[in-house]
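Report on the structure given below.
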Amino acid sequence: MKLINFAGLIIVFTGQLAQADTICKDYRDQMSLTVVEGHVTDPAATWDTSLILESPNGVSQLFGKLSSSEGTLAQRKIIEIFPFQGDTLTLVSKPPICGRGSCDENQDLVLTASLKMGTTITFFSCESLDDEKTP
Amino acid sequence: MKRLLKWIVIVTVTLSGLLVTVMNDNQEVFIASKESKSTNGSPVFNKILWFQFQDKDVWMMQQSHHGPTAGDGLWDRLAIVIDKTQSPKTARFYQLEPGPLKWEENLKEKPFRVSCFMCHNNGPRAIRAFDNTPNHSTSVKDKIKIAFWNLRIKSYGRVVASPLHEKRDQLQVPPFRYRSTYENEPVRVKACTRCHNESGFFSRGELTRQHALTMKFLVDAEQMPPFGFSISAQERADLENFLNGF
Numbered sequence: 001m002k003l004i005n006f007a008g009l010i011i012v013f014t015g016q017l018a019q020a021d022t023i024c025k026d027y028r029d030q031m032s033l034t035v036v037e038g039h040v041t042d043p044a045a046t047w048d049t050s051l052i053l054e055s056p057n058g059v060s061q062l063f064g065k066l067s068s069s070e071g072t073l074a075q076r077k078i079i080e081i082f083p084f085q086g087d088t089l090t091l092v093s094k095p096p097i098c099g100r101g102s103c104d105e106n107q108d109l110v111l112t113a114s115l116k117m118g119t120t121i122t123f124f125s126c127e128s129l130d131d132e133k134t135p
Numbered sequence: 136m137k138r139l140l141k142w143i144v145i146v147t148v149t150l151s152g153l154l155v156t157v158m159n160d161n162q163e164v165f166i167a168s169k170e171s172k173s174t175n176g177s178p179v180f181n182k183i184l185w186f187q188f189q190d191k192d193v194w195m196m197q198q199s200h201h202g203p204t205a206g207d208g209l210w211d212r213l214a215i216v217i218d219k220t221q222s223p224k225t226a227r228f229y230q231l232e233p234g235p236l237k238w239e240e241n242l243k244e245k246p247f248r249v250s251c252f253m254c255h256n257n258g259p260r261a262i263r264a265f266d267n268t269p270n271h272s273t274s275v276k277d278k279i280k281i282a283f284w285n286l287r288i289k290s291y292g293r294v295v296a297s298p299l300h301e302k303r304d305q306l307q308v309p310p311f312r313y314r315s316t317y318e319n320e321p322v323r324v325k326a327c328t329r330c331h332n333e334s335g336f337f338s339r340g341e342l343t344r345q346h347a348l349t350m351k352f353l354v355d356a357e358q359m360p361p362f363g364f365s366i367s368a369q370e371r372a373d374l375e376n377f378l379n380g381f
């Protein structure tokens with residue numbers, strides 16, 4: 001694994017449902033990552049996620065598709081990034097450090113992300129911003 | 136020489152007698168847990184008692200998240216019952232209504248406060264106590280007893296959860312064990328799997344993602360790997376990746 005300087009990554013899920021935003025920053029505080037979750041109802045669409053990279057080097061946009069979402073107290077989502085040749089964004093949520101009786105399912109979860117582009121992996125620390133869902 | 140031998144025998148017999156007395160006094164140990172913390176980060180206090188029966192061992196615990204002198208109603212009461220008639224041994228976990236450290240069949244159960252399996256992948260765990268905290272010191276007698284009890288716990292070898300928990304997990308929240316594929320992905324770091332596997336003499340059960348909190352505590356506290364075993368820098372990096380959920 002190798003941490004690299006990378007443009008900030010903003011992931012935007014667009015669609016008809018209103019969104020849950022997640023903002024992430026890499027551990028060197030040089031990049032930002034925003035995730036907005038939603039659905040694209042068009043079954044022909046090949047992507048349901050829009051990714052915007054933001055860094056000192058500039059901004060670029062990527063697209064992706066949610067390929068798996070699993071877990072209960074700890075959860076992992078994997079988004080495959082277009083053109084779907086192995087690049088992925090992995091989003092993990094898990095409970096904070098706790099001991100018996102202090103592990104509360106309602107506590108704010110710790111969110112982290114891992115962006116794999118080619119052979120390079122960059123890790124982010126994230127924060128959730130929830131919006132209300134609208135029909 | 137004869138005199139020296141005589142004194143050795145006297146001291147050995149006396150110490151053995153004291154040890155047997157301490158072990159059989161039917162008193163609980165009272166400790167501040169080295170691992171557990173309350174929601175505000177303050178120490179958690181445990182009173183633990185071991186009941187021995189021919190077919191089972193019962194480890195019963197009262198736990199306070201409100202200091203060592205909390206009122207009776209504020210002490211959680213839990214139990215782990217080891218069925219010694221099975222091979223491997225099985226462990227049944229109980230959360231009980233508050234009450235004394237006295238084992239009876241059919242005690243009234245409560246829903247789990249937290250998933251037991253998050254910390255207990257192999258039945259009861261070694262008792263790890265602070266020697267001293269601002270509110271409590273572990274007595275010498277308790278330290279001796281804990282050392283002996285930890286040997287007893289080690290002697291169980293591989294302990295699997297009672298199948299009853301899998302049935303009940305379909306309905307209860309939180310469950311005994313989280314059942315998703317992701318949360319049951321096992322760690323593959325050799326420094327861990329040397330013992331944390333499902334077979335073999337030292338088998339202590341696979342560790343999975345839902346054990347991450349406990350794993351992190353024990354590795355950070357340098358209690359794992361245990362004395363005599365090591366973890367390489369690459370393994371440590373791989374383990375950190377796993378503990379972070381990746």
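Chains as they are written, first to last, in the numbering used here: chain A, 1 to 135; chain B, 136 to 381.
Heads up, the beta-carbon is just placed ideally off N, CA and C, and yes, glycines get one too.
This one's a predicted model, so the numbers in the text were calculated from it and none came from an experiment.
Is residue i helix, strand or coil when you go by DSSP?
i             : result
residue 78/A  : strand
residue 127/A : strand
residue 212/B : strand
residue 369/B : helix
residue 80/B  : The structure shown does not extend to residue 80/B, since chain B spans only 136 to 381, so no value can be given for it.
residue 19/A  : For residue 19/A, the predicted structure reports a pLDDT of 48, less than 50, and the residue's modelled location is therefore unreliable. A value from the coordinates is still provided. It is coil, neither helix nor strand.
residue 137/B : helix
residue 24/A  : strand
residue 207/B : helix
residue 117/A : strand
residue 59/A  : strand
residue 169/B : strand
residue 159/B : coil
residue 375/B : helix
residue 71/A  : strand
residue 272/B : strand
residue 151/B : helix
residue 311/B : coil
residue 34/A  : strand
residue 328/B : helix
Using 8 Å for Cβ pairs, my map puts residue i next to residue j. What's the rounded Cβ distance?
i             : j             : result
residue 214/A : residue 128/A : No information on residue 214/A is available, as it lies outside the stretch 1 to 135 that chain A covers here.
residue 291/B : residue 215/B : 11 Å between Cβ atoms; not a contact.
residue 266/B : residue 272/B : 7 Å
residue 253/B : residue 358/B : Rounded, the Cβ-Cβ distance is 17 Å, inconsistent with contact.
residue 323/B : residue 331/B : Contact doesn't hold; Cβ gap of about 10 Å is too wide.
residue 246/B : residue 307/B : 6 Å
Is the beta carbon of residue i sitting closer than 9 Å to the one on residue j?
i             : j             : result
residue 169/B : residue 347/B : no
residue 112/A : residue 380/B : yes
residue 212/B : residue 300/B : no
residue 225/B : residue 190/B : no
residue 179/B : residue 173/B : yes
residue 140/B : residue 182/B : no
residue 95/A  : residue 73/A  : yes
residue 279/B : residue 260/B : no
residue 193/B : residue 238/B : yes
residue 109/A : residue 93/A  : yes
Report the rounded CA-to-CA distance for residue i versus residue j, giving the unit in angstroms.
i             : j             : result
residue 281/B : residue 36/A  : 51 Å
residue 16/A  : residue 250/B : Any reading at residue 16/A must be qualified, since the residue scores a pLDDT of 31, below 50, and its modelled position is unreliable; the value itself is stated next. Approximately 37 Å between the Cα atoms of the pair.
residue 262/B : residue 63/A  : 51 Å
residue 366/B : residue 329/B : 11 Å
residue 364/B : residue 256/B : 20 Å
residue 26/A  : residue 298/B : 43 Å
residue 54/A  : residue 32/A  : 6 Å
residue 48/A  : residue 84/A  : 13 Å
residue 159/B : residue 89/A  : 58 Å
residue 197/B : residue 230/B : 10 Å
residue 376/B : residue 369/B : 11 Å
residue 66/A  : residue 317/B : 16 Å
residue 4/A   : residue 343/B : For residue 4/A, the predicted structure reports a pLDDT of 34, less than 50, and the residue's modelled location is therefore unreliable. A value from the coordinates is still provided. When rounded, the distance between both Cα atoms is 29 Å.
residue 333/B : residue 187/B : 26 Å
residue 313/B : residue 352/B : 20 Å
residue 68/A  : residue 321/B : 18 Å
residue 30/A  : residue 56/A  : 7 Å
residue 277/B : residue 283/B : 10 Å
residue 302/B : residue 86/A  : 39 Å
residue 154/B : residue 147/B : 10 Å
residue 46/A  : residue 76/A  : 21 Å
residue 361/B : residue 44/A  : 55 Å
residue 354/B : residue 372/B : 12 Å
residue 209/B : residue 311/B : 22 Å
residue 204/B : residue 175/B : 17 Å
residue 264/B : residue 117/A : 46 Å
By the DSSP assignment, the alpha helix (DSSP H) with residue i in it spans what residues?
i             : result
residue 290/B : 275-290
residue 349/B : 347-355
In the DSSP assignment, find the unbroken beta strand (DSSP E) run with residue i in it and report its ends.
i             : result
residue 320/B : Taken as a continuous stretch (DSSP letters only), residue 320/B belongs to no beta strand (DSSP E), as it is neither H nor E.
residue 89/A  : 88-94
residue 198/B : 191-199
residue 54/A  : 49-55
residue 181/B : 178-187
residue 221/B : Segment: none, residue 221/B is in no beta strand (DSSP E) and carries neither H nor E.
Starting from the beta carbon of residue i, find every residue of chain C whose beta carbon is closer than 7 Å, and list them in chain order.
i             : result
residue 381/B : As a matter of chain content, chain C is missing from the structure shown, whose protein chains are A and B.
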